[in-house]
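The structure appears below as structure tokens.
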Amino acid sequence: MQHVAQLGELPDGKPVKIELDGTEMLLLRDGGTVHGFAATCPHAGAPMEKAAFCEGKLICPWHKAMFDVRDGSLLEPPALEPLRRFPVRVDGDDVYVSATALPPPTATQTLGADKAFAIVGAGAAGVAVALALRDLGFAGRIVLIHGEGGTPFDRTALSKAVLGGKMAPGEAPALLTPDMVEEKRITLMTDRVERLDRGGNTLHLASGDRLVFDAVLLATGGVARPLDVPGADRPGVHTLRTRADAEAIIEAAKSVSRVVIVGGGFIGLEAASALRSRGLEVDVVVPSELPMQKILGEEIGRRLRTLHEEKGVRFTVGKVESIAGNDQDAPANAVVLEDGQRLPATLVLVGVGVSPAIGFLDGLDLAEDGGLPTDRHMRVSGSVFAAGDIARFPFGEEGVPTRIEHWRVAQQQGRAAAAAMLGLDAPFDETPLFWTLQHGKRIEVHGHPRAFDRVEIDGDLEDMAFIGRQFRGETLVGLIGCGRDTEMAALTLTLPARP
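If you're matching positions, the sequence shown starts at 1 in full-length UniProt numbering and goes up one per residue.
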């Protein structure tokens, strides 16, 4: 071990980055104890010297993954692995560190060695379940069924880095590497479930195989919702959900100068930012003047629209009546609105949300929106569980049935479902969080308030460096932040889990 600092030189509770033998690491003083960690978050490489230290947790500044400072174990996604630790010794006022990382924490119990668990869907929720099962000590068989094939990947990269040209579709970050599959003893199966036989605890697969399970987690996510208007199936009209979708849009963008995006939500606005960075003219058709106003409030919604307009994006308020072409089967050449406006476009991207992918389910009661009702443990019934976009779970103090289509929520629900599959009591009771990246500005929203009556803004909205606090009456129900990463990380724990 090498001497790196005096204890008195390290600020209490504030991470400090050092370099030792070519290895960057983090020192965190907690009173007379000093912890050593990796300098970057294992999720997306965020600089952990900007992390917040609160209530024994180290919170990533970018996407708010949480780690236990005692051993670096993962407490909250979107990270899927623990934070690497390094040995530290304090001798009087002298601090010594080794650049050889400590082994990751291991489960303290062994559970279900004779069981087989199936996971249908290898997205955010499905992968989180598989890894959480091993973290919790599950020793049985895990079969992860990936309908798309290939390596399970981070879908959030498609509308940001991939469409923006910063990475190819095949380079979207992997959720599971081959080494992780081997280390965690996961059977990754490329197949499609055609039918779930609950009575026989059996999955019937498109390949003809049958898979018998002791418990099954359904995490099939969503399918992009198409426009229900004449011409919506013309060549040149795209949705974005898969790598193949992204490849098709990128290829189409090479031969056009203008794109019309229908939808002013996360996908639509992120795609507008990404495609504008490629030099395309971008028109966005939105249902109201201020994008995402119901989520962000009037002032922040207006600033977001202005941000896009400063970059050359044009907004048109209206409703699409049809997608026009030269004749019935010809490619798209215009988006026609109900008021008669025609927006020329040979490339149209539809971003109007997703529908739960539950076509293989038979005999399960579905909600009006197609979601699959669960309890707070993500149990549908018996040995069947669900998480992610398809799950409609009790939310808030009143237990209002809710379906949330956010990446981190899917991961959190997956971890709760993993505990329930093992008979542990760890209900999903977390504060939702999502983030969006538009024109280089990352905006994060904590909470899922069903209603708020005012937003108090602290900071400079014009410079996109602010924190907005959403209130319902006198109750804080949501936080919106941009450019204030460390402070937002510290505020993460202040919201009620069920606003």
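We put the CB at the ideal spot given by N, CA and C, even for glycine.
So, helix, strand or coil for leucine 383, using DSSP?
As written in the sequence, residue 383 is serine, which differs from the leucine given in the question. Residue state, collapsed to three classes: coil.
Coil, strand or helix - arginine 198 by DSSP:
coil
| said: In the DSSP output, what is residue 502 paired with across the bridge? | reply: This structure leaves residue 502 out entirely; the chain is present only between 1 and 499.
- Put aspartate 94 into one of helix, strand or coil per three-state DSSP. strand
When the Cα of leucine 26 is compared with those of Ala271, His439, Val350 and Val69, which residue comes out closest?
Val69
Kindly indicate the opening and closing residues of the alpha helix (DSSP H) around aspartate 485. 485–491
*With distances taken from CA atoms, which of Arg84, Gln109 and Asp93 is nearest threonine 100?*
Arg84
Residue of Val129, Val88, Leu133 and Asp91 minimising C-alpha distance to threonine 108
Leu133
Problem - threonine 346, buried or exposed, once every other Cβ within 10 Å from all chains shown has been counted against 16 - result: buried
Exercise. Measure how close the beta-carbons of alanine 426 and alanine 416 come, nearest whole angstrom, since I'm counting them as under 8 Å.
Key: 6 Å
message: Taking DSSP's pairing of strands, which residues face serine 355 in a bridge?
response: Val223
Buried or exposed (CB count within 10 angstroms, at least 16 for buried), glycine 481: buried
Thinking just about the alpha-carbon of each residue, which of Ser207, His204, His446 and Arg469 is nearest to the one in isoleucine 457? Arg469
- C-beta neighbour in chain B for isoleucine 404, strict 7 Å: Reference to chain B is not applicable here, since this structure consists of a single protein chain.
Point to revise | Range of the contiguous alpha helix (DSSP H) that encloses histidine 308 | key: 298–310
Cutting at 6 Å between CB atoms, please list the residues of its own chain near alanine 357, excluding the five before and the five after it.
Thr220, Gly221, Gly222 and Val223
Glutamate 194 to valine 384 span [Cα, whole Å]:
16 Å
* **Exposure label - histidine 3; buried when at least 16 CB within 10 Å** => exposed
Worksheet item: valine 127 and leucine 217: beta carbons closer than 7 Å?
Response: no
* With serine 288 as the anchor, note down where its alpha helix (DSSP H) starts and where it stops. => Neither: serine 288 is in no alpha helix (DSSP H) and is coded neither H nor E.
Rounding to the nearest angstrom, what Cα-Cα distance links leucine 227 and threonine 239 in this structure? 10 Å
*asked:* Restricting to Cα atoms, I'd like to know which of Gly483, Val455, Arg484 and Met488 is closest to glutamate 474.
replied: Val455
| task | Name the two residues that bound the continuous alpha helix (DSSP H) containing serine 322. | result | No alpha helix (DSSP H) contains serine 322, which is instead part of the beta strand (DSSP E) from 320–325.
Report buried or exposed for aspartate 135, applying the criterion of at least 16 other Cβ atoms within 10 angstroms of its Cβ. buried
Q: Write down the C-beta distance between glutamate 471 and aspartate 453 rounded to the nearest angstrom, noting that I regard them as a contact closer than 8 Å.
A: Inspection of the sequence shows that residue 471 is occupied by phenylalanine rather than by glutamate. With 8 Å as the limit, phenylalanine 471 and aspartate 453 qualify as a contact, their Cβ atoms being about 7 Å apart.
**Message:** Quick check: what's the CA-CA separation for glycine 72 versus proline 287?
**Reply:** 45 Å
query = If you follow the beta strand (DSSP E) that phenylalanine 393 is part of, which residue opens it and which one closes it?
reply = 391–395
| glutamate 76 lies in the beta strand (DSSP E); which residues open and close that run? | 74–76
Uninterrupted alpha helix (DSSP H) stretches inside the segment 148–200 (no shorter than 4 residues)
178–183
ask   = With respect to the beta strand (DSSP E) encompassing residue 511, which residues constitute its N-terminal and C-terminal limits?
value = Here the chain comprises residues numbered 1 to 499, so residue 511 is not present and cannot be evaluated.
Identity of the residues DSSP links to isoleucine 119 by a beta bridge
Leu144 and Leu217
Take every Cβ of the segment 48–63, pair it with every Cβ of the segment 18–37, and state whether three or more of those distances are shorter than 8 Å. yes
Is the beta carbon of valine 259 closer than 7 Å to that of leucine 343?
no
*Among Thr242, Gly208, Val400 and Gly165, which has the Cα closest to the Cα of phenylalanine 153?*
Thr242
Let me know the secondary structure DSSP gives aspartate 30 once reduced to three states. strand
For glycine 478 and glycine 459, believed in contact at Cβ under 8 Å, the rounded distance = No, glycine 459 and glycine 478 are not in contact; Cβ-Cβ is about 16 Å, not under 8 Å.
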